[in-house]
Structures are given as C-alpha cells and as structure tokens.
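Numbers -19 to -1, 1 to 198, taken from mature numbering (1 follows the signal peptide of the UniProt record, and there is no 0), label the letters of the sequence shown in order.
Ideal placement from N, C-alpha and C gives every residue a C-beta, glycine not left out.
Heads up: the structure comes next, in structure tokens.
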Amino acid sequence: MKKIVLLAAALLAAAASFAQSEYNYQKRSLFEQLPIRGNDIVFLGNSITDGGEWAELFNNRHVKNRGISADRSGWLLDRLDPIINGHPKKLFLMIGTNDLAVGIAPEEVAANVEKLLDRFAEESPWTKIYVQSILPVNGVDTKAKPKNHWKKGAEIIETNKLLETLCEGRKNVMYVDVYSALVDEKGMLDKQYTNDGLHLMGEGYLAWKTVIEKFVR
C-alpha cells in the first residue's frame, strides 16, 4: 500500500511539472509573437509578476507583462531574446522565489541575474533596469501554505542583499526594495496582502505599485 501511495505521489508530481513546463512553453511562444518596442516598459518574472495587470494598474498601454508562472532565474535567461531585441525603455525584474524553493542557492540566483544585466549592458545598454527585491513569504498566518516557499525567509533576505550589491555601480541599473513595503513586524509577508503566503491579493499589488510608481513614469 505504501508503495502505491508513493507511486501516486510521484505521478502527481510529474504531472504538475509537465503542466508547468507546458504553460511556460505556451507563454514563451506567445511572447515571441508579441514584439517589444523602444517605448515599452517590461515587467519580467514569475507568477507574482504574471498575476499583475500592470498596464491597467499604471494606465499605460506601453507596459508589457512578461511574467510566467513557476519561472526561475536560469529559465528566464533562455527567453530574453525577444525582449532585448526590442530595446525596451525600462525593465522591471523580480525573480528568485521559485529557485530558492527548489534548493537553488542565493548565489546562483544572483549569478543568473548578473548574466541578465550583462546581456542588457552589451545588447541594449539604454534600457533602464530595475531589479526588484524578492518578496517576503508567510507560512503562519495563511490557510494555504506553499511549503517549499514559505520556509525560505532567510534565503530571501540573503538573496536580496546579494542583488542589492550586484546593482551597485552599474549604469542604468537600480535595486528597488519592494520587500520592506510588504513585510510585517514578524518578518513575514503581511497577511492583508496574501491568501496563500506567497502570491498577492489586490491590496498587495497596490502596495507594490506604490513603491515603483515613480520609476514607471
């Protein structure tokens, strides 16, 4: 019986992984058909970015959402071409949550972000890049708990420090601390902003918007 349960769990995990890869491929193939232009402002990241209605939040049709649910920093590097080739005006990046959840080290996340910055510096040097902090998580005050994520609070803080250092001294690159605007007094994602400890509710996106609005203009 135990073997059957383990097999079923493995099959479910494989199915989930397959579904995520299919979604990633579907979104990437769509983005490849939607050209980025020089006056566009691109939001790039994982499901937290994917979930934002950015063009409506900023009332700006030039704001383009290029977030893909479950994306990681290494995978993101493989889909930069359509963005870089369009030489966008600005890029808002938030990535790393899913990396940490599967055991990827903060140093590797930072190294992948560095590769992204280096590519833009070489191929689209006039693009202004805003490297946003990874958001806090909360595994205590919410009912649904993405367990692999909410255990990574310390790693998130460490990664954010590495990202901030990485941005120092780089032309047209700025680190933006969104983490502090959404964290509570216990060091977790404020429960008013989330219903699962990881993803944002509407109020969370409004809090995020408040932090970056002056940079989007």
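Task: Reference Thr30, options Val44, Asn93, Arg18, closest by Cα - done: Val44
Open item on the list: By the three-class DSSP mapping on this structure, what secondary structure does Val(-15) have?
Closed with: Here Val(-15) scores only 37 on pLDDT, less than 50, and its place in the model should not be relied on; the value that follows carries that caveat. Val(-15) falls in the helix class under three-state DSSP.
Task: Minimum length 3: unbroken beta strand (DSSP E) runs contained in the region 132 to 179 - done: 154 to 157
TODO: Take Lys109 and list the residues in its own chain whose beta-carbon comes closer than 6 Å to its own, dropping the five residues that flank it on each side.
DONE: These residues qualify, in order along the chain: Lys71, Asn153.
TODO: Below 8 Å on the Cβ atoms is my guess for Lys75 versus Ile115; work out the distance and round it to an integer in Å.
DONE: Sequence check: residue 75 is Met here, not Lys. That pair is a contact at about 7 Å.
Task: Counted within 10 angstroms of its Cβ, other Cβ atoms place Trp107 as buried (16 or more) or exposed - done: exposed
- [ ] Would you give the residue range spanned by the beta strand (DSSP E) that Ile17 belongs to?
- [x] No beta strand (DSSP E) holds Ile17; DSSP gives it neither H nor E.
Open item on the list: Could you check whether Asp52 and Asn79 sit closer than 8 Å to each other, using their CB atoms as the reference points?
Closed with: yes
Task: Neighbourhood of Glu145 by C-beta distance below 6 Å, restricted to the same chain and skipping five residues each side - done: Exclusion of the five residues before and after Glu145 leaves Tyr156 as the residues of its chain whose Cβ lies within less than 6 Å of its Cβ.
Task: Classification of Thr175 by the beta-carbon crowding that lies within 10 angstroms, buried from 16 upward - done: Buried, by the Cβ-count rule.
- [ ] Rounded to whole angstroms, what's the CA-CA distance from Thr140 to Ser2? Just pull it up for me.
- [x] Cα-Cα distance, rounded: 25 Å.
TODO: Check whether the Cβ atoms of Pro69 and Gly19 sit closer than 8 Å, and answer yes or no.
DONE: yes
Open item on the list: Please state whether the Cβ-Cβ distance between Ala91 and Leu147 is less than 8 Å.
Closed with: yes
Task: Limits of the unbroken alpha helix (DSSP H) element including Val197 - done: 183 to 197 is the extent of the alpha helix (DSSP H) around Val197.
TODO: Please confirm whether Val118 and Ile137 have their CB atoms less than 8 Å apart.
DONE: yes
- [ ] Look up Val44 in the DSSP assignment and say whether it is helix, strand or coil.
- [x] strand
Task: Spatial neighbours of Ala82 in its chain, beta-carbon cut-off 7 Å, leaving aside the 5 residues before and after - done: Asn129, His130, Lys133
TODO: Would you list the one or two residues that DSSP bridges to Leu61?
DONE: For Leu61, which the question treats as bridged, DSSP gives no partner whatsoever.
Task: Leu121, buried or exposed, once every other Cβ within 10 Å from all chains shown has been counted against 16 - done: Here residue 121 is Val; the residue named in the question, Leu, does not match the sequence. Val121 should be labelled exposed.
Open item on the list: Could you pull the DSSP bridge partners for Lys70 from this structure?
Closed with: BP columns for Lys70 are empty, so no partner.
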